[in-house]
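These notes concern the structure reproduced below.
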Amino acid sequence: DVKVTQSSRYLVKRTGEKVFLECVQDMDHENMFWYRQDPGLGLRLIYFSYDVKMKEKGDIPEGYSVSREKKERFSLILESASTNQTSMYLCASSPPTGETQYFGPGTRLLVL
Amino acid sequence: GQNIDQPTEMTATEGAIVQINCTYQTSGFNGLFWYQQHAGEAPTFLSYNVLDGLEEKGRFSSFLSRSKGYSYLLLKELQMKDSASYLCAVRWSGNTPLVFGKGTRLSVIA
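Encoded structure:
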């Protein structure tokens, strides 16, 4: 079974803090993705990566950065958290062959 | 743009059949996925269509018409545990990230 894990299920941070969300997958997948999910807006792609040290902007990259130093780990960084970044953050991974994406359990982030 | 449209909410009765529709822009289409997401949980994969026709998997089936830019997810013998959001997602051209519709929240009532 594919396993995608995220470092926290719930997180509370203050405005201006630097926030790290970690994602690890154990299936040797090349592709990894970060989405945020908000009511009425659905899943929106923040960043993705097709290989180590590689990153591509998604639809809403502003206010975020990412790091992929190892194949199995993809980190999402909020340089200076703001209240409008309160959301559910979902990490996903997939092989390069066009198969489905497998999601982690999500991190519900509250920025006060 | 890469628009995906699906109804926001649906309600159906336990034991019945429900069809959730999804329409998308056809240009560059390279596959359609359906996911189920229970409240507070991650999406889980249900089905994948890349060719026209019906794919059946137990109580769930998914249909695709590429020329019409249309898919549906059919759920038979509805159970209360089927109450969830159902997400339609499309891949356009090659190994690109999935684009998700906003989801259809299905409520199954007794």
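Sequences listed follow chains A and B, in order. FYI, the numbering for the first sequence is 1 to 112, going by my numbering. FYI, the numbering for the second sequence is 1001 to 1110, going by my numbering. Positions of the beta carbon are idealized from the N, C-alpha and C atoms, including for glycine.
Rounded C-alpha distance that separates residue i from residue j
| i | j | result |
| --- | --- | --- |
| leucine 43(A) | leucine 1073(B) | 19 Å |
| serine 1061(B) | glycine 16(A) | 47 Å |
| asparagine 1030(B) | alanine 1012(B) | 31 Å |
| serine 94(A) | serine 1047(B) | 15 Å |
| leucine 1078(B) | leucine 1054(B) | 19 Å |
| leucine 58(A) | leucine 1032(B) | The sequence shown places glycine at residue 58(A), rather than the leucine named in the question. Rounded to the nearest angstrom, the two C-alpha atoms are 19 Å apart. |
| aspartate 1052(B) | valine 1090(B) | 14 Å |
| phenylalanine 1017(B) | proline 105(A) | The residue asked about is misnamed: residue 1017(B) is isoleucine in this sequence, not phenylalanine. Going from the Cα of isoleucine 1017(B) to the Cα of proline 105(A) covers about 29 Å. |
| glutamate 69(A) | lysine 53(A) | 6 Å |
| phenylalanine 1100(B) | glutamate 22(A) | 22 Å |
| serine 1083(B) | cysteine 1022(B) | 18 Å |
| methionine 1080(B) | lysine 55(A) | 41 Å |
| leucine 1087(B) | glycine 1069(B) | 16 Å |
| glycine 1058(B) | valine 66(A) | 39 Å |
| tyrosine 50(A) | glutamine 85(A) | 25 Å |
| arginine 36(A) | phenylalanine 74(A) | 15 Å |
| glutamate 72(A) | glycine 1015(B) | 42 Å |
| leucine 1075(B) | methionine 1010(B) | 12 Å |
| phenylalanine 33(A) | proline 1043(B) | 14 Å |
| threonine 1026(B) | proline 61(A) | 26 Å |
| leucine 1064(B) | serine 1071(B) | 4 Å |
| tryptophan 1034(B) | leucine 112(A) | 34 Å |
| leucine 1098(B) | threonine 83(A) | 27 Å |
| serine 87(A) | glycine 1028(B) | 31 Å |
Residue burial classification, residue i (beta-carbon count within 10 angstroms, cutoff 16)
| i | result |
| --- | --- |
| lysine 1102(B) | buried |
| isoleucine 1109(B) | exposed |
| asparagine 1049(B) | buried |
| tyrosine 89(A) | buried |
| isoleucine 39(A) | In the sequence under discussion, the amino acid at residue 39(A) is proline, which differs from the isoleucine named in the question. Exposed. |
| isoleucine 1004(B) | buried |
| threonine 1008(B) | exposed |
| histidine 1038(B) | exposed |
| phenylalanine 48(A) | buried |
| proline 96(A) | exposed |
| asparagine 31(A) | buried |
| serine 1067(B) | exposed |
| arginine 101(A) | Looking at the sequence provided, one finds glutamine at residue 101(A) rather than arginine. It counts as buried. |
| aspartate 26(A) | exposed |
| phenylalanine 20(A) | exposed |
| glutamine 6(A) | buried |
| leucine 109(A) | buried |
| valine 12(A) | exposed |
| leucine 41(A) | exposed |
| threonine 1104(B) | buried |
| cysteine 1093(B) | Here the sequence assigns serine to residue 1093(B), which means cysteine is not the residue at that position. Serine 1093(B) should be labelled exposed. |
DSSP beta-bridge partners of residue i
| i | result |
| --- | --- |
| threonine 1023(B) | Asp1005(B) and Tyr1070(B) |
| valine 1050(B) | For valine 1050(B), which the question treats as bridged, DSSP gives no partner whatsoever. |
| glycine 42(A) | Asp38(A) |
Presumed contact (8 Å Cβ cut-off) between residue i and residue j, rounded CB distance
| i | j | result |
| --- | --- | --- |
| threonine 107(A) | arginine 14(A) | Wrong, their Cβ atoms sit about 16 Å apart, outside the cutoff. |
| tyrosine 64(A) | leucine 76(A) | 6 Å |
| threonine 92(A) | valine 4(A) | Inspection of the sequence shows that residue 92(A) is occupied by alanine rather than by threonine. Yes, alanine 92(A) and valine 4(A) are in contact; Cβ-Cβ is about 7 Å, under 8 Å. |
* Quick one: which residues of the region 58-90 of chain A get their C-beta closer than 9 Å to a C-beta of chain B? List them in chain order. => Gly58, Asp59, Met88 and Leu90
* Asked: What residues in the region 23-34 of chain A bring their beta carbon closer than 8 Å to a beta carbon of chain B?
  -> Asn31 and Phe33
* **Interface positions of the region 95-110 of chain A facing chain B (Cβ-Cβ less than 9 Å), listed along the chain** => So the close ones are Pro96, Thr97, Gly98, Glu99, Thr100, Gln101, Tyr102, Phe103, Gly104, Pro105, Gly106 and Arg108.
* Anything in the region 1043-1060 of chain B with a Cβ closer than 7 Å to a Cβ of chain A? List those residues in chain order, please. => Pro1043, Phe1045 and Tyr1048
* Asked: Using a beta-carbon distance cut-off of less than 8 Å, what residues from the region 1093-1110 of chain B approach chain A?
  -> Gly1094, Asn1095, Pro1097, Leu1098, Val1099, Phe1100, Gly1101, Lys1102 and Gly1103
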